[in-house]
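Trainee: Numbering-wise, this note's numbering comes out as the position in the sequence shown, counting from 1, plus 98.
Quick one: structure below, then a few questions.
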Amino acid sequence: MEEIVEGINKIIWSPALIIVLLGAGLYFTIRTRCIQIRRLGLMAKLLIKGDSDKSTSSISSFQAFCIALSGRVGTGNIVGVATAIAYGGPGAVFWMWITAFLGASTAFTESTLAQIYNFKSKKGLCGGPASYIKDGLKIPLLGTVFAVLAIVGYGMFLVLLQSNNAASAFSNSFAVSPLLIGILMAVLLGLVIIGGAKRIADVATIVTPFMAIVYIIMAIIIICANIQAVPAAFTMIFEGAFGINPLAGGILGNTIAMGVKRGLFSNEAGQGGGAIVSASANVKHPAQQGLVQGFSVYVDTLLVCTATALMILCTGKYNVFDSNGEMIYCSAPELGANYVSYTQNAIDTVFSGFGSVFVTVALSFFVFTTLMAYCFYAESSFAFLFEKNEKKQKIACWIYRFLMLILVVVGACASSNTAWGIGDIGIGLTTWINILALLILFPKALNALKDYEDSLS
Numbered sequence: 099m100e101e102i103v104e105g106i107n108k109i110i111w112s113p114a115l116i117i118v119l120l121g122a123g124l125y126f127t128i129r130t131r132c133i134q135i136r137r138l139g140l141m142a143k144l145l146i147k148g149d150s151d152k153s154t155s156s157i158s159s160f161q162a163f164c165i166a167l168s169g170r171v172g173t174g175n176i177v178g179v180a181t182a183i184a185y186g187g188p189g190a191v192f193w194m195w196i197t198a199f200l201g202a203s204t205a206f207t208e209s210t211l212a213q214i215y216n217f218k219s220k221k222g223l224c225g226g227p228a229s230y231i232k233d234g235l236k237i238p239l240l241g242t243v244f245a246v247l248a249i250v251g252y253g254m255f256l257v258l259l260q261s262n263n264a265a266s267a268f269s270n271s272f273a274v275s276p277l278l279i280g281i282l283m284a285v286l287l288g289l290v291i292i293g294g295a296k297r298i299a300d301v302a303t304i305v306t307p308f309m310a311i312v313y314i315i316m317a318i319i320i321i322c323a324n325i326q327a328v329p330a331a332f333t334m335i336f337e338g339a340f341g342i343n344p345l346a347g348g349i350l351g352n353t354i355a356m357g358v359k360r361g362l363f364s365n366e367a368g369q370g371g372g373a374i375v376s377a378s379a380n381v382k383h384p385a386q387q388g389l390v391q392g393f394s395v396y397v398d399t400l401l402v403c404t405a406t407a408l409m410i411l412c413t414g415k416y417n418v419f420d421s422n423g424e425m426i427y428c429s430a431p432e433l434g435a436n437y438v439s440y441t442q443n444a445i446d447t448v449f450s451g452f453g454s455v456f457v458t459v460a461l462s463f464f465v466f467t468t469l470m471a472y473c474f475y476a477e478s479s480f481a482f483l484f485e486k487n488e489k490k491q492k493i494a495c496w497i498y499r500f501l502m503l504i505l506v507v508v509g510a511c512a513s514s515n516t517a518w519g520i521g522d523i524g525i526g527l528t529t530w531i532n533i534l535a536l537l538i539l540f541p542k543a544l545n546a547l548k549d550y551e552d553s554l555s
């Protein structure tokens, strides 16, 4: 099974996809005149102030931000960062930053288009890539394909992955049966998703910001306790990113690939998940939600992912030193190794014996909120598939909710490598379709941005 998954991944995640992703992000950045920096203040203002259209029953812009952030902030921020460092070296962190910087403009583009082409259903406003592919590109069949892939990719493949990582963390910390953890997660998740999109939005609005803040505060404490190691950590990141260190040069290609792949897995820019949520926000102008979602990429990668990376590198839980005290890179990672222990051990250097507990709790909350986001993505996709038949839509959503809970239990007991591989397949398939659609429809998003900026002057 692992060989089959690996073979499929090599095809989907060929260098071509990495080039297209970075190239598209660079193109959007140039054409929007670097909106992710130029309008950074406005992004934060819109997030805090909120400028929603109160005439609809859909979720608010801030709720959409929190749900999208729930999808972005998850195992990728803890396990994904550690895995990227293990396989690609510290330099992978730099390429995660680049992916986030360019991805902010991509997130703006897809979320703005999602607002332009959203539609009303019994659940409220819905849409996303499936809608702008259908109505923007005028290719209904491809829109249907994307909706199905979103359900299978987010709603099934990635559910297995998220559940697996939470169960692995608990097993590593408390020697608890993965099956037991899977059942407990399924029960708690069921209590939330049974209430539909509104309950998911309400829970995400409370839990996601709280856990992100707590996690970042812990990271700051660990980094401050090892403040003298911060310059060396950044040196490792930049040298590894360009293969300057001879020991890192041999894995430069893998460094870039892992940084981009794990960066995308974490921030989701270009995959379409954030766009699905953005379509449901009741904002007054499409560009507003695009700006808010662009900011969420920064929160995910430049804050949370960087916090994890610096904790690992500053505490020496990845670094290996020779007899002269010179820093060298660790040996090749072991197949199936549990990389969440990197972060756990980093926290243990300051709070002895507490690292495993804290990371396990944080990871469990992140997984929980991410699973809620995936449920939202899947149910919005069903709303698209059965737009004209509310009865079928309702039945499909209820069947999916039960299936999702079963997958949570199954994922908890699955192989770690298989889970990551299946997750990568789900991401890659939706990304290929979405990014090509964004490149074609980008002028629509650019016109919306110009119209919004004109209204500000």
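Yeah, the Cβ is synthetic: ideal placement off N, Cα and C, and Gly gets one too.
Remember, it's a predicted structure, so these values are computed and weren't measured experimentally.
Classify Pro276: buried if its beta carbon has 16 or more other beta carbons within 10 angstroms, exposed otherwise.
Mentor: As a working mapping, residue 276 is identified with position 178 in the sequence shown. When all chains shown are included, Pro276 counts as buried.
Trainee: Can you check whether the C-beta of Ile304 is within less than 8 angstroms of a C-beta belonging to chain B?
Mentor: As a matter of chain content, chain B is missing from the structure shown, which is built from one protein chain.
Trainee: My output table needs one value for Phe456: the three-state DSSP class, helix, strand or coil.
Mentor: Taking the sequence shown and counting its residues from 1, one reaches residue 456 at position 358. Reduced to three states, the DSSP call for Phe456 is helix.
Trainee: Under DSSP, the beta strand (DSSP E) around Gly222 begins and ends at which residues?
Mentor: On the sequence shown, residue 222 is found 124 positions in, with the first residue counted as 1. Note, Gly222: beta strand (DSSP E), 222–224.
Trainee: Starting from the Cα of Val191, find the closest Cα among Gly414, Tyr185, Ala407 and give me that residue.
Mentor: Within the sequence shown, numbered from 1, the residue matching residue 191 stands at position 93. Among Gly414, Tyr185, Ala407, the Cα nearest to that of Val191 belongs to Ala407.
Trainee: Near Val375, which residues of its chain fall below 6 angstroms by C-beta distance, leaving aside the five closest residues on each side in sequence?
Mentor: For this step, residue 375 is matched to residue 277 along the sequence shown. So the list reads Ala162, Ile165, Ala166, once near-sequence residues are dropped.
Trainee: Per DSSP, which residues does Phe217 bridge with? Please list them.
Mentor: Position 119 of the sequence shown, counted from the start, is the residue given in the question as residue 217. Answer is Cys224.
Trainee: For Ala385 and Leu547, I'd like the C-alpha separation in whole angstroms.
Mentor: Position 287 of the sequence shown, counted from the start, is the residue given in the question as residue 385. Position 449 of the sequence shown, counted from the start, is the residue given in the question as residue 547. Near 6 angstroms, if we compare the C-alpha coordinates of Leu547 and Ala385.
Trainee: Could you name the residues of the same chain whose beta carbon sits closer than 7 angstroms to that of Phe336, not counting the 5 residues immediately before and after it, in chain order?
Mentor: Working through the sequence shown from its first residue, we reach residue 336 at position 238. Same-chain partners within the cutoff: Phe192.
Trainee: Please name the residue or residues paired with Ile157 in a DSSP beta bridge.
Mentor: Here the question's residue 157 lines up with position 59 in the sequence shown. Ala379.
Trainee: Kindly indicate which residue of Asp549, Thr468, Gln491 has the alpha-carbon position closest to the one of Ala299.
Mentor: In the sequence shown, the residue the question calls residue 299 occupies position 201. When each option's Cα is compared against that of Ala299, the closest is Thr468.
Trainee: Taking only three categories from DSSP, how would you classify Pro307?
Mentor: Counting from 1 along the sequence shown, the entry for residue 307 is found at position 209. Here Pro307 sits in helix by DSSP.
Trainee: If you run the structure through DSSP and keep just helix, strand and coil, what is Gly121?
Mentor: On the sequence shown, position 23 is the one that residue 121 refers to. Three-state DSSP puts Gly121 in a helix.
Trainee: If you run the structure through DSSP and keep just helix, strand and coil, what is Gln387?
Mentor: Position 289 of the sequence shown holds residue 387. The answer is helix: DSSP assigns Gln387 an H, G or I state.
Trainee: Measure from the alpha carbon of Ala471 to the alpha carbon of each residue in Glu366, Val402, Leu483, Gly186, then state which is nearest.
Mentor: Here residue 471 is taken as the residue at index 373 of the sequence shown, counted from 1. Nearest C-alpha to Ala471: Glu366.
Trainee: What first and last residue would you give for the alpha helix (DSSP H) that runs through Pro276?
Mentor: By one-based count along the sequence shown, residue 276 stands at place 178. From DSSP, the alpha helix (DSSP H) with Pro276 extends over 276–291.
Trainee: Decide if the stretch 397–414 is in contact with the stretch 311–324; the criterion is three or more beta carbon pairs, one per stretch, under 8 angstroms apart.
Mentor: Counting Cβ pairs under 8 angstroms, three or more are found: they touch.
Trainee: With 16 other CB atoms within 10 Å as the buried threshold, where does Arg170 fall?
Mentor: As a first step, residue 170 must be located in the sequence shown, where it is residue number 72. By the 10 Å Cβ count, Arg170 comes out buried.
Trainee: Spatial neighbours of Ile281 within its chain, please: CB distance less than 7 angstroms, with the 5 preceding and 5 following residues excluded, ordered by chain position.
Mentor: Against the sequence shown, residue 281 aligns to sequence position 183. Result list for Ile281: Val507, in chain order.
Trainee: What are the boundary residues of the alpha helix (DSSP H) that Arg137 is part of?
Mentor: As a first step, residue 137 must be located in the sequence shown, where it is residue number 39. Premise fails: Arg137 is in no alpha helix (DSSP H) and is neither H nor E.
Trainee: Once DSSP output is grouped into helix, strand and coil, what is the label at Glu551?
Mentor: Against the sequence shown, residue 551 aligns to sequence position 453. It is helical.
Trainee: Should Asn380 be labelled buried (16 or more other beta-carbon atoms within 10 Å of its own) or exposed?
Mentor: Here residue 380 corresponds to residue number 282 of the sequence shown, with the count starting at 1. Under this definition Asn380 is a buried residue.
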